[in-house]
Structure formats: structure tokens, C-alpha cells
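For the record, the sequence lines run as chains A and B. If you're matching positions, the first sequence starts at 2 in this note's numbering and goes up one per residue. If you're matching positions, the second sequence starts at 4 in this note's numbering and goes up one per residue. A short worksheet on the structure shown next.
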Amino acid sequence: MVARSNSTNGQRRDFLKTAGAAMLASAIPWSQAKANEFARQSLQVWSCGGLAEAFMQANALYEEKTGITISYTGAFAAALGKSLLANGRTEVFAGRVLELAQKLRSAGKMVFFKPLCFTQYVMITPKGNPAGINTIQDLARPGVKVVLAPDASPPGGAAVLKLLEKTGVKDAALANTVVQGSCVQEIMTSIIDGTGDVAVVEKRLTRIPNFQGQTEVVPLPDNQQPPPPLPFTIGMMEDAQNPDLARDYIAFILSEQGQACFERQGFIPALSAKGQELVEKLGVKDA
Amino acid sequence: MPEKKKSRLILFRRTVQGGMLLLLGQWSFYGVFRCPFAVPFINCQSCPVITCWGRITNLFWGFWLSLPIIGLLFGRAFCSWGCPGGLLSQLSAKVAPFKLAGKNAFNRFAPYGKYLALLTVLVLWLVLNNPRWAIPIRIGEFMNSIHLTFEHANTAWLIRSLTVLAFLSAGLIFSNLWCRIACPTGGLLELFRRPALFSFYTTEQCNNCNACQGACDMGTRPAKSNCTNCGDCQSACPRNAIQFGRPKPKNKNRTTQK
Numbered sequence: 002m003v004a005r006s007n008s009t010n011g012q013r014r015d016f017l018k019t020a021g022a023a024m025l026a027s028a029i030p031w032s033q034a035k036a037n038e039f040a041r042q043s044l045q046v047w048s049c050g051g052l053a054e055a056f057m058q059a060n061a062l063y064e065e066k067t068g069i070t071i072s073y074t075g076a077f078a079a080a081l082g083k084s085l086l087a088n089g090r091t092e093v094f095a096g097r098v099l100e101l102a103q104k105l106r107s108a109g110k111m112v113f114f115k116p117l118c119f120t121q122y123v124m125i126t127p128k129g130n131p132a133g134i135n136t137i138q139d140l141a142r143p144g145v146k147v148v149l150a151p152d153a154s155p156p157g158g159a160a161v162l163k164l165l166e167k168t169g170v171k172d173a174a175l176a177n178t179v180v181q182g183s184c185v186q187e188i189m190t191s192i193i194d195g196t197g198d199v200a201v202v203e204k205r206l207t208r209i210p211n212f213q214g215q216t217e218v219v220p221l222p223d224n225q226q227p228p229p230p231l232p233f234t235i236g237m238m239e240d241a242q243n244p245d246l247a248r249d250y251i252a253f254i255l256s257e258q259g260q261a262c263f264e265r266q267g268f269i270p271a272l273s274a275k276g277q278e279l280v281e282k283l284g285v286k287d288a
Numbered sequence: 004m005p006e007k008k009k010s011r012l013i014l015f016r017r018t019v020q021g022g023m024l025l026l027l028g029q030w031s032f033y034g035v036f037r038c039p040f041a042v043p044f045i046n047c048q049s050c051p052v053i054t055c056w057g058r059i060t061n062l063f064w065g066f067w068l069s070l071p072i073i074g075l076l077f078g079r080a081f082c083s084w085g086c087p088g089g090l091l092s093q094l095s096a097k098v099a100p101f102k103l104a105g106k107n108a109f110n111r112f113a114p115y116g117k118y119l120a121l122l123t124v125l126v127l128w129l130v131l132n133n134p135r136w137a138i139p140i141r142i143g144e145f146m147n148s149i150h151l152t153f154e155h156a157n158t159a160w161l162i163r164s165l166t167v168l169a170f171l172s173a174g175l176i177f178s179n180l181w182c183r184i185a186c187p188t189g190g191l192l193e194l195f196r197r198p199a200l201f202s203f204y205t206t207e208q209c210n211n212c213n214a215c216q217g218a219c220d221m222g223t224r225p226a227k228s229n230c231t232n233c234g235d236c237q238s239a240c241p242r243n244a245i246q247f248g249r250p251k252p253k254n255k256n257r258t259t260q261k
């Protein structure tokens, strides 16, 4: 009886050891699979705030396609760039102005960048164009009510003033200014409600849901566009936790499907013929 | 008023506050921590912050239009029934060791600070066109966006935001400090307190024992300066001398502070 009892206990111990080992062995592949899944669960992306609407669309498509969650931040590119040059961290950054991308590359913060899209400046008027605005020179006509945002971020402030200076109407336009603000979206509302007759803004603003279809858009010729704020780039940062994922995401953004989102929001896609022309003209290339 | 009825009043008010927190809480938070303009809650129709509640709902004008109506009807009731900041202040007051209810120069003159705050707001808004003092983080994870906002804001925005936070934090020591002496909305609503149609008031049974003041987080008495018509004083009155409604002319502001 004692011998049988000892034998039974021994068998039980052997069984438990075997079962434990089996469970441990089965857990390893599951843990590895979970680790892989976790590694691809999300991607952090920062971009210029002006690209936010386009990126929101593109990110939704990418998430639907891959199941990856995009943790997206859109804000003034110069500020984000300043953070990144200090100790800020993101995995993909789409900034404005070629110089910023070059600085990040030189500082070793960015692995590579590619041209993403270009902005374009237009004149906007209230519906019906009551003041008959056709060219930039019309901003200098006596009685025309001009709206400006000189204190806005450079793309909406200084760049517009530079454009006016380049076209020789700055002083007259300033004399005709009825609203001077610090936010380009306030410019839009001033035009929409008829406070002003004309403003020079980025075309993207006319595509923002709150403003879409509420103004007349008068194009400006290429030779009047202010170069510095036109190009946007997208690049992978040195801190990318999953470089392959970051590259895949960038490839999607630069694909026809991704670029279509930027075109819908008023940008010139880098992939387009016009975009390629601007890439060459403005030298938007990673050296 | 029977104790049961008073408890129901308190419960009702907390319920209303909870609902208003759900409705306005996020907007309030955005206003303090992420609004890029000098004065928050005013430029929501053209706010560049995509995720801001005011912009998303386009209801902020409704809020501002309803505020004076509430003021005309119930005086400063919004502060104690609807404002998420007021709720935060009231909760802080539960642990604040100093009620600032005594009669002294500070308690007498400090509340005028909210009128100074209101004047500052009006100047920034109407004269300076509510300038943008911070870089808008148009979209992003909330806490990360707050960090970025503080990181890149100019000095004026930092002063504005840190001042608000300082007063709210000080509410843990001095009861309802922000609401009493620094809130511009409170300053605006205080102007409606006297002409308001309905309010809590004391009746002829009041013997000026000041039990109500001792129970008041605002350190005041019914229908007096800084009264927000919260109704908490009712349960403290041993003579059941505090009522709500349209006070009779001879009762309105009848109470005198010892």
C-alpha cells in the first residue's frame, strides 16, 4: 500500500512538471506574438498644423487599412521643430519649410525626408466678390477693404506681407486694411461676414469644413507666390521605435491614395506634375 | 424647511452640477490649458484647435446668450450650479482651512478684484481684439498637447494661465478664492445679482446669528455680495429663516452682516 501511494505521488509530480513545461512552452510563442502586435499597435506622427485636416483623413485611411493606431499631433511646425531639436520625440514628422527638415537632418534627429506637398496662396472675397477683386493690384484700389493677420504665425502673417511687398502693393494694402488680426481663421470669418472685401490666405483655409464654400477664391499666379513657406516634407525620425512601420506609413502618405487627401485640402501633392515641378524648382530634396 | 427637503435641494444641485460638468467641463479645461487666445471661450467660432468643444459644437454662442438670461433670473446662480470651475472651487472649499468670512479690509475690498479681471477681459477682447498668445496645438493627445502649449506659449499666456491655476489651487487653502476675487465671469454675473428676479433671501425670522455665513463657502449671506444662490445656507439656519423666490421689497438685502 505504501509503495503504491509513493508511486502515485511520483506520477502526479511528473504530470505537473510536464504540464507546467508545456504551458511555459506554449506561452512563449504567444508572448512573442503579443510583443510583435504591441510593437505595431501605434505610430506617433507630428505635423505642421496646417496639414491637420489632410492628415486626419489620411490617418483614418491608414488605420483602416493596417489596424495601426496613429497618435497624431498637428501644430505650428516651427514650434514642433524647436521641440524636436531639443528633446521632443516623435517617429514621423511632416514639417513646413525645407530649412527645418535640413536642420533636423543635420542635427541627426531625422533619418531622411521626402517632399510631401506644397501650399499655395490665393485671394478670397465674400460670396459674389462685391469689390470686383481680380488681381493682387486690386488690394491697392482706394476703398477696398483689406483684411490681414500680420501677427499670425509666419505662413499667415509674414509670408503674406512678403507677398504684398513682392507685388508692390504692401503700403497701399496696409492703408486699406480694416481688420488686423493674429489668427488666420479670424481672417476667414471677417471675409465671410463681409467685414472685409479681400484677404490673401493659403488655399487650404478655404477647404476647412467651417469655411468651405463660403468665399470666392481668386487664384494668384506662380510668380507671386512667396517661396519659403510653400514646401512641406515628411521624414522618419531617429527615435522611430519601428522603422519599418514608419517607412510604410510614409510610403502610404506619399502614395496616390495618401496624396489625394492633401489635394482635397487645397495642397499641391508632391506626386503631381505640378508638385514635381516645384520639387525641382525649390530644390526640395534630401541631400 | 424640513431636513429632508433641504437634502433634496443639495442633491438636486449636485446633480445639476454633474450634468453641467459633462456639458461644459471639457470646454472649461480647454479654455484654461489649450486656448491660444488671451481670453478663452470667446473666439470659438474661428478657433484653430480642431478638437475644442466650443468649435465642435458651435454652441458657445448659445452659452453666452443664455448667461445674461440666467443672470437676470437667478443672479449669480451659474457660479454654483453650472460652472465647472465653480464646482472645483466648491470641492476645494471642503478642505480649505480658511473661510475668509470675517470682517476685515481684505474681505471687504478683495472681491473687487473680479471687476478688475472683468475690465481686463473687456479690454483684451474689445480693444485689443483678443490677441493670440499661444501656438495652437490643433490636434493631438490631450496631455501631450498641454505640454506643447505651455512649452511654446508666450509670457503673457503663461501669466494668464498660471494665474488662473494659482487662484484655483489657492482655493484649497482659502475657500473659493478664485470665484470670490478673480473670476471675470463671476464679476459679470455679480452685476446681475441685485436686479435678479429670484434669489435666496432671509425673512423676518432672521435674528442675524450668522449661522448661514459660517456654512457658506463664499463667506457671505443670502442676497449679499458674492452670494451665488447655492442654497447651502438653508440647512444651516436654525430658525428656518431663509427662503427662495422673489423677496419682498422690505426683505431684499434686509440682512445685515455683523
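Where is the CB? At the ideal position from N, CA and C, for every residue including glycine. Since this is a predicted model, take the numbers as computed values, not measurements.
query = Does the beta-carbon of T74(A) have 16 or more other beta-carbons within 10 angstroms, so that it is buried, or is it exposed?
reply = buried
ask   = In this structure, what does DSSP give as the bridge partners for K171(A)?
value = Note: K171(A) sits in no beta bridge, so no partner.
ask   = Between E257(A) and L272(A), what straight-line distance do the alpha-carbon atoms span, to the nearest angstrom?
value = Their backbone Cα atoms lie some 7 Å apart in a straight line.
request  = Check whether the Cβ of I162(B) lies closer than 8 Å to any Cβ atom in chain A.
outcome  = no
ask   = How would you call F195(B), buried or exposed, if buried means at least 16 neighbouring beta carbons within 10 angstroms?
value = buried
task = Please list the partners that S183(A) has in chain B, where partner means a Cβ-to-Cβ separation under 8 Å.
result = N132, P134 and R135
inquiry  = I'd like to know if S273(A) contacts chain B, where contact means its C-beta is closer than 8 Å to some C-beta of that chain.
reply    = no
inquiry  = Nearest by alpha-carbon distance to S202(B): which of C236(B), G190(B) and L175(B) is it?
reply    = C236(B)
query = Can you list the beta strand (DSSP E) stretches of 3 or more residues lying completely in the stretch 180-216 of chain B, in chain order?
reply = With a minimum length of 3 residues, the continuous beta strand (DSSP E) runs that stay inside the stretch 180-216 of chain B are 202-205.
query = Between A160(A) and the ligand MN, is the CB less than 7 Å from at least one heavy atom?
reply = No copy of the ligand MN occurs in the structure displayed, which carries no ligand at all.
request  = Using a Cβ-Cβ cut-off of 8 Å, state whether A80(A) counts as contacting chain B.
outcome  = yes
request  = Within 10 angstroms of the Cβ of E187(A), are there 16 or more other Cβ atoms? Answer buried if so, exposed if not.
outcome  = buried
message = Let me see if you follow: with CB-CB separation under 8 Å, is S84(A) close to chain B or not?
response = yes
inquiry  = Whole angstroms are fine: how far does the CA of Q225(A) sit from the CA of F112(B)?
reply    = Their Cα atoms are separated by approximately 59 Å.
message = I'd like to know if G189(B) contacts chain A, where contact means its C-beta is closer than 8 Å to some C-beta of that chain.
response = It does not; no Cβ of chain A falls within 8 Å.
query = Roughly how many angstroms lie between the CA atoms of P270(A) and R208(A), to the nearest whole one?
reply = 15 Å
message = Given a cut-off of 8 Å on the beta-carbon distance, is the pair R81(B) and L90(B) in contact?
response = The question names Arg, but residue 81(B) is Phe in the sequence shown. For F81(B) and L90(B), no; Cβs fall outside 8 Å.
Neighbouring residues, chain A, relative to N147(B) (Cβ below 7 Å) = Simply T74.
request  = Mind checking who E257(A) pairs with in its DSSP beta bridge?
outcome  = The partner list for E257(A) (beta bridge, DSSP) is empty, contrary to what the question assumes.
ask   = At which residues does the beta strand (DSSP E) containing V179(A) begin and terminate?
value = Run containing V179(A): T178 to Q181, per the beta strand (DSSP E) assignment.
ask   = How would you list, in chain order, the residues of chain A whose beta-carbon sits under 8 Å from the beta-carbon of G65(B)?
value = The contacting residues do not exist; G65(B) stays about 17 Å from chain A at best.
query = Which partner residues does T91(A) have in the DSSP bridge list?
reply = DSSP links T91(A) through a beta bridge to no other residue.
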